[in-house]
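Sequences listed follow chains R and G, in order. Start counting the first sequence at 17; every next residue gets the next number (the numbering used here). Start counting the second sequence at 31; every next residue gets the next number (the numbering used here). Virtual Cβ for every residue (Gly too), placed ideally from N, Cα, C. Treat the numbers as computed from the prediction; the structure is a model and nothing was measured.
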Amino acid sequence: MRYLPHSPQNRADMLARIGVASIDDLFVDIPKDKLIDGLPDLPRHKGEIEVERILSGMAGRNVSAGSVPFFVGAGAYKHHVPASVDHLIQRSEFLTSYTPYQPEIAQGTLQYMFEFQTQVARLTSMDVANASMYDGSTGCAEAVLMAHRATRRRKAVLSGGLHPHYADVVRTVSDMASDAVVTMAPDPLATENIIAAIDKETSCVVVQSPDVFGNLRDLKPIADACHANGALLVAVFTEVVSLGLVTPPGEMGADIVVGEGQSIGNALNFGGPYVGLFATRDKFVRQMPGRLCGETVDANGKRGFVLTLSTREQHIRREKATSNICTNSGLCALAFTIHMTLLGGVGLERLARLNHANAVKLADMLKGVSGVEVLSKTFFNEFTLRVKGDAAAIIEKMAGAGVLGGVPVSRLLPNAGLDDLVIVANTEVNTDDDRAAFVAALKGAI
Amino acid sequence: MLNNQGRPTQAGEAHGLARETFTGNRALEIDEALIFDQGGFDRTGVDIDEPEEFADRLGGLARKNRADLPGLAEPQAVRHYVRLSRKNYSIDAGLFPLGSCTMKHNPRLNEKMARLPGFADVHPLQPQSTVQGALALMQELSRWLLSSTGMEAVALSPKAGAHGELCGMMAIKAAIVSRGEQETRKTVLVPDSAHGTNPATAALIGFEVESVPAGEDGLVHPAAVREKLGPHVAAIMLTNPNTCGLFEREISEIADAVHQAGGYFYCDGANFNAIVGVARPGDLGVDAMHINLHKTFSTPHGGGGPGSGPVVLSERLAAFAPVPFLRQKDGALTLVEDTEGSQAFGRMTAFHGQMGMYVRALSYMLSHGGDGLRQASQDAVLNANYVRAGLSDLFSQPFGDRPCMHEVLFDESWLKGTDVTTLDFAKALIDEGYHPMTVYFPLVVKGAMLIEPTESESKASLDLFIMAMRDLALRALRGEKERFATAPRFAPRARLDETRAARSPVLKWTARAPVAEAAE
């Protein structure tokens, strides 16, 4: 077995040094009647060749995004990641290190965490960001819990433009914790009056922009209404590239900003692992969940970094902790920060403009197609189409024609009566040929 | 003096400090400035096309000021991160005996497999007809997890161990609600030795936490549990093998007692690596257990994540598993994503969980096979006991010298009178080229040192580690406290001031005002 260094002789020698006759003598604490004699239902060990053959076979049965014209988004996006990113995150010292609990020999991890926190704070125009969450959706639930702590209220209002999976995650945690949640109706046209739902018991309003249907939302009036009622505004995004072109939530009055960072540095991975971004105002820093890295000095006066404010965390506070979170999304945050370091503000703006331009191009091409209507008046790189017929069936037909055309809204909201809507994303990877193929496949499917 | 390029003409003029080298670097040990101190705020290291002029659809919400972030060219960026990487200790570079964390070797085949475009470049919301291979992989991983744990169902989606705990406890809460007992069953029993995530998780969803004391032998006993049981108890959260490195001998009796009292048994599976192929949680009365794929099944820790924490469930809880879950129908696999029509308690995360980790874990399982998984657990336990046997005459064991599971626990009573603490000892181990063991956890032991060598270490590696540990111990006992107080002396940084970091937190870079130039 290639991962186990001991020879049979090693094992025998070691048992002798321990002073026991057999390996079974080390498992004496397990009740005899509970011991099993291995795992006979499972196959025996395999060499690399065979493992590769089996897994490649499974991989081969999936249609990969890069192999077809690809327009699927709604919370995860196909972007180009520079080759150096994946190379660097596979450095042993990053890949196979642990949480930096011994900071003297983990300055590499800690410094990039500090840089990551700075990048996220600047992108969102917030005071402080943590060292990442599992993903955008779990970060969103944590943001709601944090707002409850900060306001000592327990009612959240969720916009009808919030990604339905995010809303489900918030509702699941809230139901379990007996916290109240008001969910606005699905809002593909961005016409909801969410301000009317705010009252004196509201701890926070959760609004996504660009929303799940692609619409951009002006958060300023909502923030003002929140603050007038003693509530917080939680601003959500699932497409972080939008921040290259769109007014950041921090400039519109958001108190907590949470989003999915997958688009920068990370592959689609069929949904995970991803990286949650989480930022807030200075005054709320001690209410924040998750890891924080801070600057300090060592015994020789040299600058260094450590995990800090850990009195918020579970390993110190146990049942009084701000969250039960123990990990961050370290390596995905590293991929994010490397890609962002390559892009810089200039590159991010250019990338965002190209994404937006491509989406505008496709929207314009669709104007002349009968049976199709672009619903989104404003958008970044994703918009909602109304199609004649059942969107899920049309997307399935398009897939049959070799085009992955988007996400039918019914996949996310099966019982909302929005079966004729489809969410379509464009990024920098889409070419004019891809868009032509999209239009042709769509026409063929309708 | 400066020459006509403005450069010093005398040695030492640049900074006037007495340093060993001009740069302050020492050969391979090179300090690296923050990206923000390297400039490049007006450039980018990625070539991106400029689109033709077009009318934007941003509805007046265009960003006014560009995000103020530096963009490094590829050679600068590569050098930056390579230099940073060299300040990290890693399992690839040396023994990493961090107890309860299972820092085993991360096979590179797993990395290669996870990067196949058919897994890495697949979107979670593509039509399910185009991802049948991905669903098949999830089904196969489920089979391995269920087979090795003897449980009924699995929820794959939790993103990490603590997230898995949350999922398991939510399933328990859902079951209690379905019995109409949510108003009465509000207490969760947790031993003091538990990971901090256990009580934090229970509290997060509204349970009251009550602690259960362990006995003198470090184990939880049925009598102590029975004393706390009653119609108010929802569940017990027990780690097995426990955080003292011991198998809870009376676990079945405890499970029976909890079940008889109408409660559920949550097992923290962080230490599953000790017993794969040796015993099955399902046979021990467990109702829910998370499995850290990043511990037992070798997916990389990545400097603190991403993890993956699937939860296996007993028959009593299976129906409450969250969406998404798999269903086989007419030869095709379907991922059920909506709770309607089932008892699923809700959703843990957007999409389907940590697919990248599923691939790595299955790659590891297929490589080991059922036979290899058992051998790996046996080797992990063998290695821990070998370390125990090599150190037990010098280091004190809080619960006596007896066989341990995959990790061995010492306390600091043997250091009494030396002026050396567990922390000092750990830092001295850094100078010897090792990552320290877990220190000060579990909390029930004073100055805990929890050592988990894992099955990845060879006998030679363990022999050297044991000798280094013994040498340090003998030095501590001999009174060489200076060596410990000043450690680490050879790491990229000396001991860091954590108090200062917490008292006046600096959590991001800010531009320093240019002092001298501004005055001129």
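Query raised in the report: Ser38/R: buried (16+ other C-beta within 10 angstroms of its C-beta) or exposed?
Result: For the purposes of this step, residue 38/R is identified with residue 22 of the first sequence, where counting begins at 1. Answer is exposed; the Cβ neighbour count stays below 16.
Requested in this report: Give a yes or no on contact between the segment 337 to 357 of chain G and the segment 364 to 382 of chain R, applying the rule of three or more CB pairs nearer than 8 Å.
Outcome: no
Requested in this report: For Ala103/G, I'd like the list of residues in its chain whose CB is within less than 7 Å of its CB, leaving aside the five on either flank, ordered along the chain.
Outcome: Reading the second sequence from its first residue, position 73 is the one you call residue 103/G. Result list for Ala103/G: Gly75, in chain order.
Report task. Assign Glu547/G to one of three DSSP states: helix, strand, or coil. Result -> Working through the second sequence from its first residue, we reach residue 547/G at position 517. With a pLDDT of 45 at Glu547/G, under the threshold of 50, the modelled position of that residue is not reliable, and the figure given next carries that caveat. Helix.
Report task. Mind the definition here: the segment 268 to 278 of chain G touches the segment 292 to 312 of chain G only if three or more C-beta pairs lie below 8 Å; say whether that holds. Result -> yes
Requested in this report: Could you pull out every unbroken alpha helix (DSSP H) segment of at least 4 residues lying fully inside the segment 317 to 347 of chain R, listed in chain order?
Outcome: 330 to 333
**Report entry** Continuous beta strand (DSSP E) stretch holding Val222/R: start and end
**Finding:** Position 206 of the first sequence, counted from the start, is the residue given in the question as residue 222/R. Residues Thr218 to Gln224.
Requested in this report: Could you check how far apart the C-beta atoms of Thr296/R and Val79/R are, in whole angstroms? I think they sit under 8 Å.
Outcome: Residue numbering aside, residue 296/R sits at position 280 when the first sequence is read from its first letter. Residue numbering aside, residue 79/R sits at position 63 when the first sequence is read from its first letter. Contact flag wrong, Cβ pair sits at about 40 Å.
Query raised in the report: Comparing the C-beta of Asp368/G with each C-beta of chain R, is any distance below 8 Å?
Result: Counted from its first residue, the second sequence places residue 368/G at position 338. Taking Cβ atoms only, chain R reaches closer than 8 Å to Asp368/G, which makes this a yes.
Report task. Just confirm the distance between the C-beta atoms of Val474/G and Ser223/G, as a whole number of angstroms; I'd bet it's less than 8 Å. Result -> Looking up residue 474/G in the second sequence gives position 444. Looking up residue 223/G in the second sequence gives position 193. Correct: roughly 5 Å between the Cβ atoms.
Query raised in the report: Would a check of beta-carbon distances place Met381/R closer than 8 Å to chain G?
Result: In the first sequence, counting from the first residue as 1, residue 381/R sits at position 365. No, Met381/R does not count as interfacial toward chain G.
Report task. Please list the partners that Met385/G has in chain R, where partner means a Cβ-to-Cβ separation under 7 Å. Result -> Counted from its first residue, the second sequence places residue 385/G at position 355. The contacting residues are Asn285, Phe286, Gly287 and Gly288.
Requested in this report: Look at the alpha carbon of Ala337/R and the alpha carbon of Thr343/R, and state the distance between them as a whole number of angstroms.
Outcome: Taking the first residue of the first sequence as position 1, residue 337/R is located at position 321. Taking the first residue of the first sequence as position 1, residue 343/R is located at position 327. One C-alpha to the other measures close to 14 Å.
**Report entry** Minimum Cβ-Cβ distance from Pro535/G to chain R less than 8 Å
**Finding:** If you number the second sequence from 1, residue 535/G lands on position 505. At least one chain R Cβ lies under 8 Å of Pro535/G.
Query raised in the report: The alpha helix (DSSP H) with His320/G in it runs from where to where?
Result: In the second sequence, counting from the first residue as 1, residue 320/G sits at position 290. Segment Ala318 to His320 is the beta strand (DSSP E) holding His320/G; no alpha helix (DSSP H) there.
Requested in this report: Give me the Cα-Cα distance between Ala489/R and Ala478/G, rounded to the nearest whole angstrom.
Outcome: With chain R represented from 17 up to 462, any question about residue 489/R goes unanswered, as that position is not in the structure.
Requested in this report: Give me the Cα-Cα distance between Leu99/G and Phe132/R, rounded to the nearest whole angstrom.
Outcome: By one-based count along the second sequence, residue 99/G stands at place 69. By one-based count along the first sequence, residue 132/R stands at place 116. So the alpha carbons of these two residues sit roughly 11 Å apart.
Query raised in the report: Are the C-beta atoms of Thr296/R and some chain G residue less than 8 Å apart?
Result: Sequence index remark: in the first sequence, residue 296/R carries index 280 (1-based). Cβ-Cβ to chain G under 8 Å: no for Thr296/R.
Requested in this report: With 7 Å as the C-beta to C-beta threshold (strictly closer), list the residues of the segment 318 to 343 of chain G near chain R in chain order.
Outcome: Pro330, His331, Gly332, Gly333, Gly334, Gly335, Pro336 and Gly337
Query - Enclosing alpha helix (DSSP H) for Thr154/R [first to last residue] - result: Within the first sequence, numbered from 1, the residue matching residue 154/R stands at position 138. Run containing Thr154/R: Gly152 to Thr167, per the alpha helix (DSSP H) assignment.
Query raised in the report: Within 8 Å (strictly less), CB to CB, does Leu458/R reach chain G?
Result: As a working note, residue 458/R is residue 442 in the first sequence. Taking Cβ atoms only, chain G never reaches closer than 8 Å to Leu458/R, which makes this a no.
Query raised in the report: Helix or strand or just coil, what does DSSP make of Ser258/R?
Result: On the first sequence, position 242 is the one that residue 258/R refers to. DSSP places Ser258/R in helix when its eight states are reduced to three.
Query raised in the report: If contact means a Cβ-Cβ distance below 9 Å, which residues of the segment 369 to 403 of chain R contact chain G?
Result: Arg369, Leu370, His372, Ala373, Asn374, Ala375, Val376, Lys377, Ala379, Asp380, Ser392, Lys393, Thr394, Phe395, Phe396 and Phe399
Report task. Ignore the nearest five residues each way along the sequence and tell me which others in Thr330/G's own chain have a CB closer than 6 Å to its CB. Result -> Residue numbering aside, residue 330/G sits at position 300 when the second sequence is read from its first letter. The identity of residue 330/G in the sequence shown is Pro, whereas the question assumes Thr. Same-chain partners within the cutoff: Asn136.
Requested in this report: Kindly list the residues whose CB is nearer than 7 Å to the CB of Pro154/G, restricted to its own chain and excluding five residues on each side of it in sequence; keep chain order.
Outcome: Taking the first residue of the second sequence as position 1, residue 154/G is located at position 124. Same-chain partners within the cutoff: Phe381 and His382.
Query raised in the report: Just to check, is the beta-carbon of Leu234/G closer than 7 Å to a non-hydrogen atom of the ligand GTP?
Result: The model on display carries no ligand, and the ligand GTP is accordingly not part of it.
Query - Euclidean distance between Cα positions of Lys538/G and Met129/R - result: Counted from its first residue, the second sequence places residue 538/G at position 508. Counted from its first residue, the first sequence places residue 129/R at position 113. Lys538/G and Met129/R: Cα-Cα distance of roughly 10 Å.
Requested in this report: Give me the Cβ distance between Arg60/R and Asp401/G, rounded to the nearest whole Å; I'm assuming they're in contact under 8 Å.
Outcome: Here residue 60/R refers to the residue found at position 44 of the first sequence. Here residue 401/G refers to the residue found at position 371 of the second sequence. The Cβ separation is near 5 Å, so the contact holds.
Query raised in the report: Roughly how many angstroms separate the alpha carbons of Gly35/R and Pro243/G, rounded to a whole number?
Result: Position 19 of the first sequence holds residue 35/R. Position 213 of the second sequence holds residue 243/G. Cα to Cα, Gly35/R sits roughly 32 Å from Pro243/G.
Query raised in the report: Name the DSSP beta bridge partners of Gly310/R, please?
Result: Position 294 of the first sequence, counting from 1, holds the residue named residue 310/R. According to DSSP, Gly310/R bridges with Val322/R.
Query raised in the report: Skipping 5 residues on each side, what residues in its chain have a beta carbon closer than 7 Å to that of His372/R?
Result: For the purposes of this step, residue 372/R is taken as the residue at position 356 of the first sequence. Once the five neighbours on either side are set aside, the close Cβ partners of His372/R are Leu261, Phe396 and Asn397.
Report task. Name, in chain order, the residues that DSSP records as bridge partners for Gly292/R. Result -> For the purposes of this step, residue 292/R is taken as the residue at position 276 of the first sequence. Per DSSP, Met149/R and Glu276/R.
Requested in this report: Answer with yes or no whether the minimum CB distance from Met162/R to chain G is below 8 Å.
Outcome: Locating residue 162/R in the first sequence gives position 146, counting from the first residue. Not an interface residue.
Requested in this report: Note down, in chain order, each residue of its chain lying with its Cβ closer than 7 Å to the Cβ of Arg418/G, except the 5 sequence neighbours on either side.
Outcome: Position 388 of the second sequence, counted from the start, is the residue given in the question as residue 418/G. Closer than 7 Å at Cβ, skipping near neighbours: Cys434 and Val438.
Report task. Name, please, each residue of chain R whose Cβ falls closer than 8 Å to the Cβ of Leu146/G. Result -> Numbered from 1 along the second sequence, position 116 holds the residue referred to as residue 146/G. Under the 8 Å cutoff, chain R gives Leu71, Ser72 and Ala75.
Query raised in the report: Taking the continuous alpha helix (DSSP H) assigned at Ala532/G, which residues delimit it?
Result: For this step, residue 532/G is matched to residue 502 along the second sequence. Residues Glu528 to Arg533.
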